[in-house]
Amino acid sequence: MKNILQRQIDQLEQAQFFLKEDESKVSSLLRTMLAWNVRITQLGIEFTDKPVEDQPVEKMKTLNNALYQEFRPESYETSYANPVHAKKELGELGVALSAMYYKMKSGIGYAYQTRLENIEALNELALAAFEHYESETLTYEVACELLKGDVLEHAKDRFESYVEQVMSTKESHYTRLVEKSDLSTTDYLYAFGDFVSEYEERTARFLSTYPEAKLDEMGKHIVEAYVNGFVRDNKDMSLRNSVRVVGVLGQERLTKSILKYLKTKGLSGFVSELETSAYNKQVAYDHKFDVGLYLDEETVQEQVKAMTEACDCTHDLLADYSGILFVEKFGEVPFSPQPNEARVTLKDNQNALYQKLMGSRRQLIEKHVPEKERSFCIIAFPTPEIGDEFEAIFEDIYQVNKLDSESYERMQHHIISALDQGEFVVVKGKDGNATDIKVAMYPIADKEKQTNFVNCVADVNIPVGEVFTSPVLKGTQGVLHVEDIYLDDFRYHNLKLTFVDGMISDYSCTNFDSEEENRKYIEENLIFPHKSLPIGEFAIGTNTLAYVVAQKYGIQDKLPILIIEKMGPHFAIGDTCFSYAEDHPVYNPMDGKEIIARTNEYSERRHTDMDKAYTNVHTDITLPYDSLEAIYVEVQNAEQIDIIKNGRFVLEGTQDLNLPFED
Numbered sequence: 000m001k002n003i004l005q006r007q008i009d010q011l012e013q014a015q016f017f018l019k020e021d022e023s024k025v026s027s028l029l030r031t032m033l034a035w036n037v038r039i040t041q042l043g044i045e046f047t048d049k050p051v052e053d054q055p056v057e058k059m060k061t062l063n064n065a066l067y068q069e070f071r072p073e074s075y076e077t078s079y080a081n082p083v084h085a086k087k088e089l090g091e092l093g094v095a096l097s098a099m100y101y102k103m104k105s106g107i108g109y110a111y112q113t114r115l116e117n118i119e120a121l122n123e124l125a126l127a128a129f130e131h132y133e134s135e136t137l138t139y140e141v142a143c144e145l146l147k148g149d150v151l152e153h154a155k156d157r158f159e160s161y162v163e164q165v166m167s168t169k170e171s172h173y174t175r176l177v178e179k180s181d182l183s184t185t186d187y188l189y190a191f192g193d194f195v196s197e198y199e200e201r202t203a204r205f206l207s208t209y210p211e212a213k214l215d216e217m218g219k220h221i222v223e224a225y226v227n228g229f230v231r232d233n234k235d236m237s238l239r240n241s242v243r244v245v246g247v248l249g250q251e252r253l254t255k256s257i258l259k260y261l262k263t264k265g266l267s268g269f270v271s272e273l274e275t276s277a278y279n280k281q282v283a284y285d286h287k288f289d290v291g292l293y294l295d296e297e298t299v300q301e302q303v304k305a306m307t308e309a310c311d312c313t314h315d316l317l318a319d320y321s322g323i324l325f326v327e328k329f330g331e332v333p334f335s336p337q338p339n340e341a342r343v344t345l346k347d348n349q350n351a352l353y354q355k356l357m358g359s360r361r362q363l364i365e366k367h368v369p370e371k372e373r374s375f376c377i378i379a380f381p382t383p384e385i386g387d388e389f390e391a392i393f394e395d396i397y398q399v400n401k402l403d404s405e406s407y408e409r410m411q412h413h414i415i416s417a418l419d420q421g422e423f424v425v426v427k428g429k430d431g432n433a434t435d436i437k438v439a440m441y442p443i444a445d446k447e448k449q450t451n452f453v454n455c456v457a458d459v460n461i462p463v464g465e466v467f468t469s470p471v472l473k474g475t476q477g478v479l480h481v482e483d484i485y486l487d488d489f490r491y492h493n494l495k496l497t498f499v500d501g502m503i504s505d506y507s508c509t510n511f512d513s514e515e516e517n518r519k520y521i522e523e524n525l526i527f528p529h530k531s532l533p534i535g536e537f538a539i540g541t542n543t544l545a546y547v548v549a550q551k552y553g554i555q556d557k558l559p560i561l562i563i564e565k566m567g568p569h570f571a572i573g574d575t576c577f578s579y580a581e582d583h584p585v586y587n588p589m590d591g592k593e594i595i596a597r598t599n600e601y602s603e604r605r606h607t608d609m610d611k612a613y614t615n616v617h618t619d620i621t622l623p624y625d626s627l628e629a630i631y632v633e634v635q636n637a638e639q640i641d642i643i644k645n646g647r648f649v650l651e652g653t654q655d656l657n658l659p660f661e662d
């Protein structure tokens, strides 16, 4: 393979030489792209001969900065990776070539992980673009066809590579470096190939002197939670062995502890990815829908065919995949993207095609790794982006993540007992919050053996705690209003969703001056690729300590949804929490009651048409305690059972949840 890549380097350099005297804007972009590919290819060969961990540290630091510099905010404005700049210089062709150039950025990971076949494919695409330019046939349409051809030609190999990297122990790059590196300094950070900023440096320095006993205690706590998730959901953990671990760059001592404790449970952990600071979120936003340049029926059909073949070829790896253990990071400044007309968006017919593609992908994974046999666990810690009090916030979040499950389980049992008496649960906002929504509950035939709500403590989602259900859609209606919230890396001001029979019927926010821009923002980043979404989950979070910690440091807008969802009532739009496993019985461990509310009218379609039963979306939207006037249960005889009044728990047996407010 190295010989093939060396020949490609010669071809890339010859193409650059050919373009040297050509002063056209297209030539300028192509020269830039070809030079990038030469550099990435040379690195891939170099790291094959001498692994990244054996390279000089100063060289790797310089290289890390150089590889990402063009995409940083200060350079991006005039980069050809910026579709606005590319379109200004080259017209519509610039948009397609900008997408192609951005695609070449994936070569960084390929080089560090010595995935030489992937580098070869990128070079083929770049050289094909040059050849069309040389023959004066490089148009917008041709560039789009080249992108499509690249996707279809390599779809099977890339999906096999995806399985090997993120669903098996076969790929060793991250695992090897986490387990073998000297974690007492920050030098090791630059071997991974991911963007390293001052925040990763500061995190690594902080944790390099952190008490090992506390890191081990947390590592053990996280693994125990993962195991308890199988118990809670009535799943057999012994069927599968490999566990995917996603860590945070700079927190490798914690990641290493997690791997160690997975072994004590007879599980094989592997690190597939390390989250790191975003070098520029606008870049990902601008290229989010580049698939729209070529997405059509043929693309979907051929990709589904390729993924099916890839899953069959990697079935043995998939058959051993147990689930994911995800350590999230938080603390970055909430992102508000700059909209522009140059970025690619999907046409209406492409939305349906994209939904079909994602649905088929999910169903393929479900076939080989069924929901009833896999689990997950998610936990989050701050990074220094959160501000000068990072170390103190880290300690407080550590304590939040370690809260005792048993005491919360008992208090939440009282909440569930009250909720199970009602036909509806009503949530109302106050002090300018316009929330007023009525949530329909399933009738319970046998209250001694059945319940609507899961008593959720620190298992699949750390920290404690919440009670959640799948509402009946018919009769669920009203307005959900959140003044300021951060969802999937996007910030929303005054987000309002109106529901009729459990489906979104209207939506608005105030991010932009134009109502049209606001609606488009919601459509692209919250509802996509759908026109509407159902309420898949209603929950009441009980972690008042997390809420108080957030207020103490003023970090409400920087917390991840994982913690925010425990800080008040929340609604998830999209699928239920039981998607693809609705027919698998689940019980609350404390009282042995079966949770019967595992489906809704939307997911019931699975019996007739799987493609129409799932949205492949699940986004939690939380209403903070201090925005709450009330949560109460409407009982059949017109009585009312209060759960929360004026932001405080008032139900008998739950008063201790208010203690953090008093400290």
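Under numbering that gives the first Met the number 0, read the sequence shown as residues 0 to 662, first letter to last.
Cβ atoms here follow ideal geometry from the backbone N, Cα and C, with glycine treated the same way.
Paired residues, beta bridge with ARG243 - DSSP: Within the sequence shown, residue 243 is the residue found at index 244, counting from 1. BP columns for ARG243 point to PHE269 and ILE323.
Which residues does DSSP list as the beta-bridge partners of ARG490? One-based indexing of the sequence shown puts residue 490 at position 491. In the DSSP output, where bridge partners are listed per residue, ARG490 has TYR485.
Would you call the CB atoms of GLU628 and GLY428 closer than 8 angstroms? Working through the sequence shown from its first residue, we reach residue 628 at position 629. Working through the sequence shown from its first residue, we reach residue 428 at position 429. Yes, the pair counts as a contact, with Cβ atoms nearer than the cut-off.
So the candidates are TYR320, TYR353, LYS401 and TYR407; which of them puts its Cα closest to the Cα of ILE663? Here the chain covers residues 0 to 662 and nothing more, so residue 663 does not appear.
Span separating the alpha-carbon of ASN240 from that of GLY265: As a position in the sequence shown, residue 240 is number 241, starting the count at 1. As a position in the sequence shown, residue 265 is number 266, starting the count at 1. Per the coordinates, the alpha-carbon of ASN240 lies some 7 angstroms from the alpha-carbon of GLY265.
If I follow the unbroken beta strand (DSSP E) through TYR631, where does it start and stop? Here residue 631 is taken as the residue at index 632 of the sequence shown, counted from 1. Note, TYR631: beta strand (DSSP E), 627-634.
Which class does CYS730 belong to by DSSP, given the choice of helix, strand or coil? The first residue shown for the chain is 0 and the last is 662, placing residue 730 beyond what the model contains.
Starting from the Cα of ILE392, find the closest Cα among SER416, LYS328, LEU345 and LYS448 and give me that residue. Along the sequence shown, one-based indexing puts residue 392 at 393. Here the closest residue by C-alpha is LYS328.
Mind reading off the beta-carbon distance from PHE467 to MET440? Whole number of angstroms is fine, and I expect it under 8 angstroms. Position 468 of the sequence shown, counting from 1, holds the residue named residue 467. Position 441 of the sequence shown, counting from 1, holds the residue named residue 440. Contact flag wrong, Cβ pair sits at about 12 angstroms.
Using 8 angstroms as the threshold, is the stretch 231-250 in touch with the stretch 151-160, meaning 3 or more CB pairs across them? no
In its own chain, which residues sit with a C-beta less than 6 angstroms from the C-beta of PHE511, not counting the 5 before and 5 after it? Position 512 of the sequence shown, counted from the first residue, corresponds to residue 511. Sequence-distant Cβ neighbours of PHE511 in its own chain, meaning closer than 6 angstroms and more than five residues away, are ASN517.
The alpha helix (DSSP H) that contains GLU140, what's its start and end? Here residue 140 refers to the residue found at position 141 when the sequence shown is read from its first residue. That run of the alpha helix (DSSP H) goes 139-165.
Taking the C-alpha atoms as reference points, what is the distance between ASP655 and GLY218? Start at 1 with the first residue of the sequence shown, and residue 655 comes out as number 656. Start at 1 with the first residue of the sequence shown, and residue 218 comes out as number 219. Going from the Cα of ASP655 to the Cα of GLY218 covers about 28 angstroms.
Under the rule that 16 or more other beta-carbon atoms within 10 Å means buried, what is LEU66, buried or exposed? For this step, residue 66 is matched to residue 67 along the sequence shown. Buried.
Should LEU261 go down as buried or exposed, given a rule of 16 or more other Cβ atoms within 10 Å for buried? Position 262 of the sequence shown, counting from 1, holds the residue named residue 261. Counting Cβ neighbours within 10 Å, LEU261 comes out buried, since at least 16 surround it.
Identity of the residues DSSP links to PRO533 by a beta bridge: Position 534 of the sequence shown, counted from the start, is the residue given in the question as residue 533. MET502.
Where does HIS606 sit, in a helix, a strand or coil, going by DSSP? For the purposes of this step, residue 606 is taken as residue 607 along the sequence shown, with counting starting at 1. DSSP places HIS606 in helix when its eight states are reduced to three.
Could you tell me whether the Cβ of ALA549 comes closer than 8 angstroms to any Cβ of chain D? Any reference to chain D falls outside this structure, which holds one protein chain only.
DSSP three-state call for PHE329: helix, strand or coil? On the sequence shown, residue 329 is found 330 positions in, with the first residue counted as 1. Residue state, collapsed to three classes: strand.
Let me check one thing: in DSSP terms, what residues is THR497 bridge-paired to? As a working note, residue 497 is residue 498 in the sequence shown. Its beta-bridge partners are VAL478 and ASP505.
Sub-8 angstroms separation of VAL664 and TYR75 beta-carbons: The question about residue 664 has no answer here: the residues shown for the chain are numbered 0 through 662.
Assigned exposure category for ARG373 - 16 Cβ within 10 Å defines buried: The sequence position of residue 373 within the sequence shown is 374, counting from 1. ARG373 should be labelled buried.
For SER374, the residue or residues it bridges with in DSSP: Within the sequence shown, numbered from 1, the residue matching residue 374 stands at position 375. Paired residue(s): GLY322.
Please state whether the Cβ-Cβ distance between ARG597 and GLU581 is less than 8 angstroms. Within the sequence shown, numbered from 1, the residue matching residue 597 stands at position 598. Within the sequence shown, numbered from 1, the residue matching residue 581 stands at position 582. Yes, Cβ-Cβ distance for ARG597 and GLU581 is below 8 angstroms.
Identify the residues that DSSP records as bridge partners of THR468: which are they? On the sequence shown, position 469 is the one that residue 468 refers to. Looking at the DSSP output, THR468 bridges to PHE537.
Pairing CB atoms from the stretch 175-188 with CB atoms from the stretch 332-342, are three or more of them under 8 angstroms? no
If you follow the alpha helix (DSSP H) that HIS413 is part of, which residue opens it and which one closes it? Against the sequence shown, residue 413 aligns to sequence position 414. 404-418 is the extent of the alpha helix (DSSP H) around HIS413.
LEU525 versus TYR506, HIS583, ALA538 and SER513, residue with shortest Cα-Cα distance: Taking the sequence shown and counting its residues from 1, one reaches residue 525 at position 526. Considering only alpha carbons, the answer is TYR506.
GLU696 - DSSP class collapsed to helix/strand/coil: For the chain, the structure presents residues 0 to 662; residue 696 sits outside this window and is missing.
DSSP state of LYS592 mapped onto helix, strand, coil: On the sequence shown, position 593 is the one that residue 592 refers to. Three-state DSSP puts LYS592 in coil, outside helix and strand.
Pull up the distance between the alpha-carbon of GLU22 and that of GLN41, whole angstroms please. Here the question's residue 22 lines up with position 23 in the sequence shown. Here the question's residue 41 lines up with position 42 in the sequence shown. Cα to Cα, the separation comes out at about 27 angstroms.
The stretch 541-551 in contact with the stretch 488-498 per 3-pair CB rule at 8 angstroms: Cβ pair count under 8 angstroms is below three, so no.
Buried or exposed: where does ALA110 fall if 16 or more other Cβ atoms within 10 Å of its Cβ makes it buried? Mapped onto the sequence shown, residue 110 falls at position 111. Classification for ALA110: buried.
Cα-Cα, which of ILE572, ASP181 and LEU4 is closest to LYS495? On the sequence shown, residue 495 is found 496 positions in, with the first residue counted as 1. Here the closest residue by C-alpha is ILE572.
If I follow the unbroken beta strand (DSSP E) through VAL37, where does it start and stop? Within the sequence shown, residue 37 is the residue found at index 38, counting from 1. Judged by DSSP secondary structure, VAL37 falls outside any beta strand (DSSP E) and instead within the alpha helix (DSSP H) spanning 24-48.
What are the start and end residues of the alpha helix (DSSP H) that includes LYS86? Mapped onto the sequence shown, residue 86 falls at position 87. That run of the alpha helix (DSSP H) goes 82-89.
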